[in-house]
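Q: In the working numbering, the protein residues as written are 120 to 300.
For glycine and all other residues, C-beta sits at the position ideal for the given N, C-alpha and C.
Owing to the predicted nature of the structure, the values given are computational and were not obtained by experimental measurement.
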């Protein structure tokens, strides 16, 4: 069921990107990349400040994780706050970019790449949405609730996205687990 929902969301993202065209999609992509680097430079500092405002459940000896050892589990709170800060900044930058892109709607009329314009812009938009979706799942992988961890262990979609996404899985593990814990 979640796989179908994920597929529909990706198709909608592709459709949205295809309607924009490459010129307008590059404005969105530039804003997303800028937000990504802003998040990369500020996530640790913000992560330490949001601990009082964002709840995180305590890990108990009975807790189990789909991706992390029990030793890591007791320190996952720090990685959780860093991940919430990173993807919070990225999401805020994405929303701000969508607002700024309103002023560039005329770019929708230009098809720089001819008949392939809509395909490239659709793929770019789908990739941007995938990164945000990956972030939500990565944050959920830190939460020590049994039904969430069970969903990761039993569900192929969530487990596959968090564990096997090329480049992102290893990079975010390094960024949020190795560098924080």
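Name the two residues that bound the continuous alpha helix (DSSP H) containing residue 245.
A: Translated into positions along the chain shown, residue 245 becomes position 126. Here the alpha helix (DSSP H) through residue 245 covers 236-259.
Q: Report yes if the CB atom of residue 157 is closer than 8 Å to the CB atom of residue 212, and no otherwise.
A: Taking the first residue of the chain shown as 1, we reach residue 157 at position 38. Taking the first residue of the chain shown as 1, we reach residue 212 at position 93. Cβ distance < 8 Å, so residue 157 and residue 212 count as in contact.
Q: Rounded to whole angstroms, what's the CA-CA distance from residue 200 to residue 167? Just pull it up for me.
A: As a first step, residue 200 must be located in the chain shown, where it is residue number 81. As a first step, residue 167 must be located in the chain shown, where it is residue number 48. When rounded, the distance between both Cα atoms is 7 Å.
Q: Between residue 189 and residue 262, how many whole angstroms is the CB-CB distance? I'm expecting something under 8 Å.
A: Counting from 1 along the chain shown, the entry for residue 189 is found at position 70. Counting from 1 along the chain shown, the entry for residue 262 is found at position 143. Not quite, the Cβ-Cβ distance comes to about 15 Å (not below 8 Å), so this is no contact.
Q: Measure from the alpha carbon of residue 174 to the alpha carbon of each residue in 146, 258, 251, 288, then state which is nearest.
A: Taking the first residue of the chain shown as 1, we reach residue 174 at position 55. Comparing Cα-Cα distances from residue 174 to each of 146, 258, 251, 288, the minimum goes to 258.
Q: Cα separation between residue 210 and residue 138?
A: Translated into the one-based positions of the chain shown, residue 210 becomes position 91. Translated into the one-based positions of the chain shown, residue 138 becomes position 19. Looking at the two C-alpha atoms, the distance is approximately 22 Å.
Q: Tell me whether residue 160 is buried or exposed, calling it buried when 16 or more other Cβ atoms sit within 10 Å of its Cβ.
A: In the chain shown, residue 160 corresponds to position 41, counting from 1. Exposed, by the Cβ-count rule.
Q: Grouping DSSP H, G and I as helix and E and B as strand, with all else coil, what is residue 183?
A: Residue mapping note: residue 183 aligns to position 64 of the chain shown, counting from 1. Here residue 183 sits in coil by DSSP.
Q: Once the 5 residues before and after residue 203 are set aside, which same chain residues still bring their CB inside 8 Å of it?
A: As a working mapping, residue 203 is identified with position 84 in the chain shown. Answer for residue 203: 166, 169, 173, 258, listed in chain order.
Q: Provide the residue span of the alpha helix (DSSP H) that contains residue 267, from first to last.
A: The count along the chain shown starts at 1 and reaches residue 267 at position 148. From DSSP, the alpha helix (DSSP H) with residue 267 extends over 265-273.
Q: With a floor of 4 residues, list each alpha helix (DSSP H) that falls wholly inside the region 143-217, ordered by position along the chain.
A: DSSP runs (the alpha helix (DSSP H)) wholly in the region 143-217: 189-192.
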